[in-house]
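**Student:** My questions all concern the structure below.
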Amino acid sequence: MKKALTRASTSALLLGSSLALFCSSAQAMDTFFDVTAAAGIEIYTNAGWGSGVAWADFDDDGDLDLFMVDGPGDPAKVWRNDGGGTFTDVAAAVGIIDSGWGKAFVPADYDNDGDVDVLMTNYDTAQTNRLWRNDGGTFTDVTAGSGFDWADQATGACWADFDGDRDLDCYITTYGFTHRNRLMRNDGNGHFTDIAQSLGVQDQTGWGYQPGWFDYDNDGDLDLYVGNDNFFGGTGNKLYRNNGDATFTDVSVASGSNLGMSSMGLGIGDYDNDGDLDVYISNIHTGNRLLRNNGDGTFTEVGDAAGVAVYQICWGVDFLDMDHDTYLDIYACAFGASMLDPTGTENWVFHNNGDGTFSDISSQSGADNPGISYCSAWGDYDADGDLDIVMTNWWDGDAEDLPCALYQNDHIPVGGSASDWLQIDLVGTVSNRDGIGARVQITTSEGTYIREKQSGTSYLSSAQPAIHFGLGTATEVQTLVVNWPSGETSLLENVAGGQKIQIVEPGEDPSSVDETGVAKLGIESQPNPFRNDVRFALSGDAGGVQFQIFDAEGRAVRILGAGSTQWDGQDTYGNVVPAGIYWVKATRGSEVVASDRIVRVR
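FYI, the numbering for the sequence shown is -28 to -1, 1 to 574, going by mature numbering (1 follows the signal peptide of the UniProt record, and there is no 0).
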């Protein structure tokens, strides 16, 4: 029997209007079908409070493959998409070998070489996280010496280039009073350095489950939201505003986003189509929360008013346009009424009514998975334009194990045309190769809509990398604008719907130097970030080497004197340079032998 909504008294008011909207909208009749067995991924995961799932094309054959953590003691899975609706587990064959207490699977091209690498966080305090580098469709374990080789009850993770140096950094939450979160800065040479404490984003007492990068204030850089579980008395959720110079300010209280709740999963997207990003947060039986972005740096919590409070325990949550009506709907994984009462475990599917409210269409959707679910991710695995959903399960509420589930979306076009969607693959050149953090805005005959590319979503999981738009009754995008993290802009006009396109960022990397010699030597810059002075040391023969400083736009700032290995933060004319991103390159004659990214803070 379908669970009853246990909301506040506003539910009755919402029901009438929602029912009318539901009955009059063809898109609300979309149906999902459970294709788990046919797809060949009917496995039972050893959940351990969640096993992450992630969509990515690791073998570069054009379709989405599936990464899946299998819990403590069981090997991780890499399901290769065979192209005909079936998958084959190739984890061992491609080099993904691990049987620790894996939590999150988060793919990203951390080395900017054009293929998908993958990070798996580990909850076991005796086993480290794992970082695998993709070498043309097979993986090499590069954990040792990468900076990720620490064990501290890691949970969620998300990638982004927070400091604007073109490579992807990673924020990782940990769970417990004696554990602290990490901000792993990409040093550009395969190594990462934890700088969370120096930037004040370690959130020592947060009991973190899932972080998320997004530009909440529309200023062009990525801010950080951290969902914390305060069940054991930890702090509320945190919002760290990016100051634009690789530093952060805690604006949790000022923004109204410092919710004290048992946060599990995060969904980030513009559900009300007003041009800024909102946040949906799962919770225990005290109710999920929806933070509506007011556009002025503050949020208002509207979960009850919107009809999505769900007074049951939930974990993974996703914003996605399931029916292509231009509005983001919600999918939520359910655990049950409480930790001691795992009844009413069917997952929730909420249709966005377009007026700030949602209708519960869980039963009608066919995707109300009947068991205890933890992690979910959306992706168009069958390449038909609409979004399918995968999730990991535990059991069915009656002590019977339940396999993971894959639901295929059988979308019914809103206006009768199969061209009511558009997907966009981004390829960064000046920005990070994945284009993570890019903001895409489209305008159609129906309106203007935004998406922001993310990595690390829902709960311990990651959705497909391609950006997806439903177009409603429109079949063409009049204008499409990509605002890249670098500040570059791409503009396309009159783009037909019903297709997946690739957009390559214009220009070349302005901060790059002659990379032909970079691999010969390495530069260690200390301290980094720095305030007054920074010293440079080469890993090999420094004879005849001279250091030169460039800003993030590639403009020469200073050439240090022969034999000098220290920069005082001043330009050629003795002016103190602004806080921000800079590059040092070591040259021997006309040859560049090494380079490093350095950050000056106030």
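Virtual Cβ for every residue (Gly too), placed ideally from N, Cα, C. For clarity, every value in this text was computed on a predicted model and none was experimentally measured.
Identify which residue in Gly541, Val565, Glu273, Gln182 has its Cα closest to the Cα of Val573.
**Tutor:** For the purposes of this step, residue 573 is taken as residue 601 along the sequence shown, with counting starting at 1. Nearest in C-alpha terms to Val573, of all of Gly541, Val565, Glu273, Gln182, is Gly541.
**Student:** Leaving out five residues on either side along the sequence, give the residues of the same chain with a beta carbon under 7 Å from the beta carbon of Gln125.
**Tutor:** Residue numbering aside, residue 125 sits at position 153 when the sequence shown is read from its first letter. So the qualifying residues of the chain are Tyr95, Thr97, Thr146, Tyr147, Gly148, His151.
**Student:** Quick check on DSSP: helix, strand or coil for Ser484?
**Tutor:** For the purposes of this step, residue 484 is identified with residue 512 of the sequence shown, where counting begins at 1. Per-residue confidence for Ser484 stands at a pLDDT of 41, beneath the threshold of 50, marking its modelled position as unreliable; the derived number appears in the next sentence. Ser484: coil per DSSP, three-state reduction.
**Student:** Go to Phe8, then tell me how far its alpha helix (DSSP H) extends in each direction, as first and last residue.
**Tutor:** Along the sequence shown, read from residue 1 onward, the residue named residue 8 stands at position 36. The sequence shown places Thr at residue 8, not Phe. Looking at the DSSP string, the run of the alpha helix (DSSP H) that includes Thr8 is 8 to 11.
**Student:** Report the rounded CA-to-CA distance for Leu398 versus Val476, giving the unit in angstroms.
**Tutor:** Within the sequence shown, numbered from 1, the residue matching residue 398 stands at position 426. Within the sequence shown, numbered from 1, the residue matching residue 476 stands at position 504. Cα to Cα, Leu398 sits roughly 6 Å from Val476.
**Student:** Just the C-alpha distance for Phe39 and Ile473, rounded to the nearest angstrom, thanks.
**Tutor:** For the purposes of this step, residue 39 is taken as residue 67 along the sequence shown, with counting starting at 1. For the purposes of this step, residue 473 is taken as residue 501 along the sequence shown, with counting starting at 1. If I take the Cα positions, the gap works out to 24 Å.
**Student:** Using only alpha-carbon positions, find the residue among Thr272, Asn215, Asn214 that is nearest to Leu231.
**Tutor:** As a working mapping, residue 231 is identified with position 259 in the sequence shown. With distances taken between Cα atoms, Leu231 lies closest to Thr272.
**Student:** Use the C-beta contact count for Pro550: other C-beta atoms within 10 angstroms, 16 or more gives buried, fewer gives exposed.
**Tutor:** For this step, residue 550 is matched to residue 578 along the sequence shown. Around the beta carbon of Pro550, fewer than 16 other beta carbons lie within 10 angstroms, which makes this residue exposed.
**Student:** Return helix, strand or coil for Lys557, following the three-state DSSP convention.
**Tutor:** Translated into the one-based positions of the sequence shown, residue 557 becomes position 585. Of the three classes helix, strand and coil, the one that applies to Lys557 here is strand, per DSSP.
**Student:** Who are the near neighbours of Ile240 in its chain, counting only those whose CB is closer than 6 Å to its CB and skipping five residues on each side?
**Tutor:** What you label residue 240 is simply residue 268 of the sequence shown in a count that begins at 1. Within the same chain, Ile240 has close Cβ partners Gly184, Phe186, Leu249, Val251.
**Student:** Please report the Cβ distance between Asp201 and Ser234, rounded to the nearest whole angstrom; I am assuming they are in contact, meaning their Cβ atoms lie under 8 Å.
**Tutor:** As a working mapping, residue 201 is identified with position 229 in the sequence shown. As a working mapping, residue 234 is identified with position 262 in the sequence shown. The Cβ separation is near 5 Å, so the contact holds.
**Student:** Classify Ser536: buried if its beta carbon has 16 or more other beta carbons within 10 angstroms, exposed otherwise.
**Tutor:** Mapped onto the sequence shown, residue 536 falls at position 564. That one is exposed.
**Student:** For Met294 and Asp356, I'd like the C-alpha separation in whole angstroms.
**Tutor:** Against the sequence shown, residue 294 aligns to sequence position 322. Against the sequence shown, residue 356 aligns to sequence position 384. Distance between the alpha carbons of Met294 and Asp356: 13 Å.
**Student:** Have a look at the DSSP bridge pairing and note the partners of Gly442.
**Tutor:** Here residue 442 corresponds to residue number 470 of the sequence shown, with the count starting at 1. Per DSSP, Trp393.
**Student:** Going by the DSSP bridge assignment, what does Ile256 pair with across the sheet?
**Tutor:** Reading the sequence shown from its first residue, position 284 is the one you call residue 256. In DSSP, Ile256 forms no bridge with anything.
**Student:** Buried or exposed for Asp33, going by 16 or more other Cβ atoms inside 10 Å?
**Tutor:** The residue you call residue 33 lines up with position 61 of the sequence shown. Burial call: exposed.
**Student:** Apart from the five residues on each side of it in sequence, which residues of its chain come closer than 6 Å, Cβ to Cβ, to Tyr197?
**Tutor:** Locating residue 197 in the sequence shown gives position 225, counting from the first residue. Hits under 6 Å: Gly184, Leu211.
**Student:** Buried or exposed, going by whether 16 or more other CB atoms sit within 10 Å of the CB of Val556?
**Tutor:** For this step, residue 556 is matched to residue 584 along the sequence shown. Buried, because 16 or more other Cβ atoms sit within 10 Å of the Cβ of Val556.
**Student:** With DSSP run on the structure shown, which of helix, strand or coil describes Leu155?
**Tutor:** Residue mapping note: residue 155 aligns to position 183 of the sequence shown, counting from 1. The answer is strand: DSSP assigns Leu155 an E or B state.
**Student:** Are the region 379 to 396 and the region 318 to 326 in contact at 8 Å, needing three or more beta carbon pairs?
**Tutor:** no
**Student:** Would you report the Cα separation of Ala48 and Ala26, rounded to the nearest angstrom?
**Tutor:** Here residue 48 is taken as the residue at index 76 of the sequence shown, counted from 1. Here residue 26 is taken as the residue at index 54 of the sequence shown, counted from 1. Taking the CA atoms as reference points, Ala48 sits about 12 Å from Ala26.
**Student:** Taking buried to mean at least 16 other C-beta atoms within 10 Å of its own C-beta, is Gly279 buried or exposed?
**Tutor:** In the sequence shown, counting from the first residue as 1, residue 279 sits at position 307. Gly279 is buried by the Cβ-count criterion.
**Student:** Take the Cβ of Ser334 as the centre, count every other Cβ of all protein chains shown within 10 Å, and call the residue buried at 16 or more, exposed below.
**Tutor:** Looking up residue 334 in the sequence shown gives position 362. So Ser334 counts as buried.
**Student:** Considering just the uninterrupted stretch of the beta strand (DSSP E) at Ala126, what are its terminal residues?
**Tutor:** Numbered from 1 along the sequence shown, position 154 holds the residue referred to as residue 126. It spans 126 to 132 - the beta strand (DSSP E) in which Ala126 sits, taken as one unbroken run.
**Student:** May I have the straight-line CA-CA distance separating Asp31 from Thr110, to the nearest angstrom?
**Tutor:** Stepping through the sequence shown from its first residue, residue 31 is reached at position 59. Stepping through the sequence shown from its first residue, residue 110 is reached at position 138. If you draw a straight line from the Cα of Asp31 to the Cα of Thr110, it is about 8 Å long.
**Student:** Tell me whether Gly171 sits in a helix, a strand or coil according to DSSP, three-state version.
**Tutor:** Counted from its first residue, the sequence shown places residue 171 at position 199. Here residue 171 is Leu; the residue named in the question, Gly, does not match the sequence. Leu171: helix per DSSP, three-state reduction.
**Student:** Going by DSSP in three states, Gly(-13) sits in which element: helix, strand or coil?
**Tutor:** Indexing the sequence shown from 1 puts residue -13 at position 16. Per-residue confidence for Gly(-13) stands at a pLDDT of 38, beneath the threshold of 50, marking its modelled position as unreliable; the derived number appears in the next sentence. Residue state, collapsed to three classes: helix.
**Student:** Compare the beta carbon distance of Leu359 and Leu292 with 8 Å and say whether it is the shorter of the two.
**Tutor:** Here residue 359 is taken as the residue at index 387 of the sequence shown, counted from 1. Here residue 292 is taken as the residue at index 320 of the sequence shown, counted from 1. Against a cut-off of 8 Å, the Cβ pair of Leu292 and Leu359 comes out as a contact.
**Student:** Reducing DSSP to helix, strand and coil, say where Gly459 ends up.
**Tutor:** Taking the first residue of the sequence shown as position 1, residue 459 is located at position 487. Note: Gly459 maps to coil in three-state DSSP.
**Student:** Could you pull out every residue in the same chain whose Cβ sits closer than 7 Å to the Cβ of Asn161, ignoring the five residues on either side in sequence?
**Tutor:** Taking the first residue of the sequence shown as position 1, residue 161 is located at position 189. Once the five neighbours on either side are set aside, the close Cβ partners of Asn161 are Gly494.
**Student:** Among Ile144, Gly444, Asn53, Gln169, which has the Cα closest to the Cα of Gly428?
**Tutor:** Position 456 of the sequence shown, counted from the first residue, corresponds to residue 428. Among Ile144, Gly444, Asn53, Gln169, the Cα nearest to that of Gly428 belongs to Ile144.
**Student:** Do you know offhand how far Asn215's Cα is from Ala132's?
**Tutor:** Position 243 of the sequence shown, counting from 1, holds the residue named residue 215. Position 160 of the sequence shown, counting from 1, holds the residue named residue 132. If you take the alpha carbons of Asn215 and Ala132, they lie about 15 Å apart.
**Student:** Tell me the rounded alpha-carbon separation between Val90 and His257.
**Tutor:** Counting from one through the sequence shown, the residue named residue 90 turns up at place 118. Counting from one through the sequence shown, the residue named residue 257 turns up at place 285. One C-alpha to the other measures close to 33 Å.
**Student:** Roughly how many whole angstroms lie between the Cα atoms of Met156 and Ala218?
**Tutor:** Counting from one through the sequence shown, the residue named residue 156 turns up at place 184. Counting from one through the sequence shown, the residue named residue 218 turns up at place 246. Cα to Cα, Met156 sits roughly 13 Å from Ala218.
**Student:** Where Asp568 and Thr100 are concerned, what is the direct C-alpha to C-alpha distance, given to the nearest angstrom?
**Tutor:** Taking the first residue of the sequence shown as 1, we reach residue 568 at position 596. Taking the first residue of the sequence shown as 1, we reach residue 100 at position 128. So the two alpha carbons sit approximately 27 Å from each other.
**Student:** Among the candidates Tyr545, Ala377, Gly526, Val62, whose CA atom is the shortest distance from the CA of Arg138?
**Tutor:** To locate residue 138, count along the sequence shown from 1; it is residue 166. Taking only the C-alpha atoms, the option nearest Arg138 is Gly526.
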